[in-house]
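In my numbering, the protein residues as written are 1 to 346. Just so it is clear, CB atoms sit at the ideal spot from N, CA and C, and this is done for glycine as well. To keep things clear, I will list the structure first and then write my remarks on it.
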Ligand SMILES: [Fe+2]
């Protein structure tokens with residue numbers, strides 16, 4: 001990317017980096033193509049960096065979604081760092097740095113949600129640690145995608161992504177010992193854990209830039225349409241569409257994530273599970289839109305099968321499992337041949 005030298009003191013939010021900023025240790029701090037936010041600029045100033053390289057027509061050029069796992073990973077890592085800081089600030093000051101988080105939702109998260117290969121990238125770049133932070137970003141991205149699938153756009157879609165990023169912000173008010181407990185929670189601890197919905201709502205209520213939809217998304221994302229959810233046990237019609245979308249994104253991300261105690265499931269296993277177990281709990285229209293689109297999304301993906309063969313997903317009917325074509329040219333309908341399954345993506 002062609003760029004010009006810009007004194008760090010004159011850097012403005014919205015400018016795009018023309019080259020990566022790399023620490024002496026070789027670690028990329030901000031990747032080429034990153035759109036600068038006020039907080040990024042503050043950090044660069046703190047690093048005593050005199051100049052940065054910014055894109056020539058930074059003001060006119062609209063940022064483009066990442067197109068490779070490397071560029072996606074760089075945007076994701078930057079986002080992760082900012083979210084980690086935002087959560088730490090919220091935990092200690094009991095105040096959410098909303099301007100910073102809104103900027104992140106509107107720039108990096110929005111761009112990642114627009115990346116064509118996003119679901120594949122999210123699978124590849126997963127890390128074992130930082131679950132809460134990664135989960136917040138992933139839910140924001142996936143909510144944005146599902147929002148588009150159900151027809152949202154413009155400011156409403158931006159609000160949904162913001163709500164996704166904030167949905168678990170109340171977890172900052174849960175004691176660390178409970179949040180990170182490696183064993184099963186006691187009933188009392190579970191009660192405290194569940195309060196993260198109300199804690200998040202309380203911190204956001206009355207804040208500038210937080211509207212009713214965002215508040216409902218945060219407060220109601222664990223409600224279920226059959227009244228078995230929390231905190232209020234309300235029914236389908238009473239649950240805001242933002243909360244219903246975030247609930248689907250939340251479940252998909254949690255089930256596909258590797259955790260200390262289990263390996264994440266493939267999207268197809270998650271689809272099968274959602275069909276069997278979560279139907280009747282999640283909004284049926286949103287759920288169907290999600291399931292149909294996510295399955296179509298993986299057509300063309302290269303996978304490894306449980307018998308060790310490599311294959312490509314070539315067809316997805318109305319079932320949970322697709323038809324694949326192996327390297328040897330053999331077609332296998334995995335819905336029928338249930339003794340063979342997809343174990344990983346290439
Ligand atoms: Fe939650």
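Burial state of residue 284 is exposed, judged by a 10 Å Cβ sphere holding fewer than 16 other Cβ atoms. Less than 7 Å divides the Cβ of residue 221 from the Cβ of residue 167. Distances taken from the Cβ of residue 253 to the heavy atoms of ligand 1 include none shorter than 6 Å. Secondary structure at residue 202: helix, using DSSP grouped into helix, strand and coil. The Cβ neighbour count for residue 111, taken over all protein chains shown within 10 Å, is at least 16; the residue is labelled buried. Taking C-alpha positions only, residue 201 is separated from residue 219 by approximately 6 Å. Counted as a single uninterrupted DSSP element, the alpha helix (DSSP H) harbouring residue 104 occupies residues 98-104. For the pair residue 211 and residue 226, the Cα-to-Cα distance works out to about 26 Å. By the CB criterion at 7 Å, residue 162 and residue 121 fall outside the cutoff. Looking at 233, 52, 234, 213, the one whose alpha-carbon comes closest to that of residue 246 is 213. Look at the stretch 310-334 and you find these whole runs of beta strand (DSSP E), each 3 residues long or longer: 310-315, 323-326, 331-333.
Distance from the CA atom of residue 257 to the CA atom of residue 2, rounded to whole angstroms, is 38 Å. Nearest to residue 251 by alpha-carbon distance, out of 240, 223, 239, is 223. A Cβ-Cβ separation of about 6 Å places residue 87 in contact with residue 133 under the 8 Å criterion.
Residue state for residue 305 is assigned as strand, using DSSP reduced to three classes. Between residue 337 and residue 81, the alpha-carbon positions lie close to 43 Å from each other. Apart from the 5 residues on each side of it in sequence, residue 171 sits with its Cβ closer than 7 Å to the Cβ of 132, 179, 196 in its chain, given in chain order. Excluding sequence positions up to five before and after residue 286, its CB lies within less than 8 Å of the CB of 146, 150, 241, 244, 245, 248, all in the same chain and listed in chain order.
In the structure shown, residue 82 falls within a helical segment according to DSSP collapsed to helix, strand and coil.
Between residue 55 and residue 16 the beta-carbon gap is near 4 Å, inside 8 Å, which marks them as a contact. Under the DSSP assignment, residue 53 falls in the beta strand (DSSP E) whose first and last residues are 51-55.
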